[in-house]
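So the sequence shown is numbered by this note's numbering: it starts at 591 and just counts up by one. From the three backbone atoms N, C-alpha and C, an ideal C-beta is built for every residue, glycine too. Source: prediction; values computed, not measured. Only one structure is covered here, and it is reproduced in the block below.
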Amino acid sequence: MSFATICVSGLGYIGLPTAAAFASRQKQVIGVDINQHAVDTINRGEIHIVEPDLASVVKTAVEGGFLRARTTPVEADAWLIAVPTPFKGDHEPDMTYVESAARSIAPVLKKGALVILESTSPVGSTEKMAEWLAEMRPDLTFPQQVGEQADVNIAYCPERVLPGQVMVELIKN
591 MSFATICVSG
601 LGYIGLPTAA
611 AFASRQKQVI
621 GVDINQHAVD
631 TINRGEIHIV
641 EPDLASVVKT
651 AVEGGFLRAR
661 TTPVEADAWL
671 IAVPTPFKGD
681 HEPDMTYVES
691 AARSIAPVLK
701 KGALVILEST
711 SPVGSTEKMA
721 EWLAEMRPDL
731 TFPQQVGEQA
741 DVNIAYCPER
751 VLPGQVMVEL
761 IKN
């Protein structure tokens with residue numbers, strides 16, 4: 591399976607380094623974030639977060655035409671949702687960021703797409719994300735409906751990197 595275009599939703603400490611790593615391998619990467627300042631900064635080839643070795647990778651990727659950022663999703667072959675899952679005051683996980691990201695990409699999903707949830711989230715979050723997508727896109731099938739024959743594939747990738755070492759870990763691990 592090959593993905594010509596990868597879209598990363600959430601350009602923070604996990605999403606931006608991941609997007610930059612894909613772009614450094616000459617994949618077309620579109621980063622999506624609701625923070626206009628972050629989008630503008632990235633499109634200038636600069637970064638808005640502190641992460642060793644990231645600035646040069648982003649600069650090269652943007653200048654090479656492999657990485658661009660925007661505030662609204664566009665069609666892609668693969669989606670990586672890298673948004674936070676903070677805790678509410680009652681220590682319950684707040685899934686609103688994941689839900690918002692999922693609902694924002696639903697209109698541009700296409701048959702054959704892969705959607706990966708990369709957020710520290712509770713058991714059942716990936717299935718819930720797939721339910722939100724299916725609710726918004728009844729014209730597509732999802733794994734919870736038809737298994738491996740689904741139009742859209744869904745996966746979970748737990749965060750396994752340390753802030754401040756993300757680029758090193760993405761490349762070497």
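Buried versus exposed call for residue i [16 or more other C-beta atoms within 10 Å across all chains shown]
i	result
residue 592	exposed
residue 646	exposed
residue 621	buried
residue 628	buried
residue 761	exposed
residue 610	buried
residue 677	exposed
residue 600	buried
residue 707	buried
Limits of the alpha helix (DSSP H) - the one that residue i falls within
i	result
residue 693	686–695
residue 723	715–726
residue 707	Premise fails: residue 707 lies in the beta strand (DSSP E), 704–707, not in any alpha helix (DSSP H).
residue 760	756–762
residue 537	Because the chain spans 591 through 763 in this model, residue 537 falls outside it and cannot be assessed.
C-alpha distance - residue i paired with residue j, whole-angstrom precision
i	j	result
residue 662	residue 750	27 angstroms
residue 688	residue 597	15 angstroms
residue 732	residue 748	21 angstroms
residue 619	residue 680	37 angstroms
residue 728	residue 699	11 angstroms
residue 675	residue 602	13 angstroms
residue 739	residue 711	26 angstroms
residue 623	residue 736	31 angstroms
residue 672	residue 693	14 angstroms
residue 683	residue 709	11 angstroms
Residue i: first and last residue of the uninterrupted beta strand (DSSP E) it sits in
i	result
residue 595	595–599
residue 618	618–622
Residues near residue i in its chain [Cβ-Cβ closer than 6 angstroms; skip 5 each side]
i	result
residue 743	704
residue 631	638
Other residues of its chain near residue i: CB distance less than 8 angstroms, five sequence neighbours each side excluded
i	result
residue 614	647, 650, 651, 656
Reduced DSSP secondary structure (H/G/I, E/B, other) of residue i
i	result
residue 663	coil
residue 740	coil
residue 632	helix
residue 733	helix
residue 672	coil
Within-7 angstroms CB hit, residue i to chain C
i	result
residue 719	Reference to chain C is not applicable here, since this structure consists of a single protein chain.
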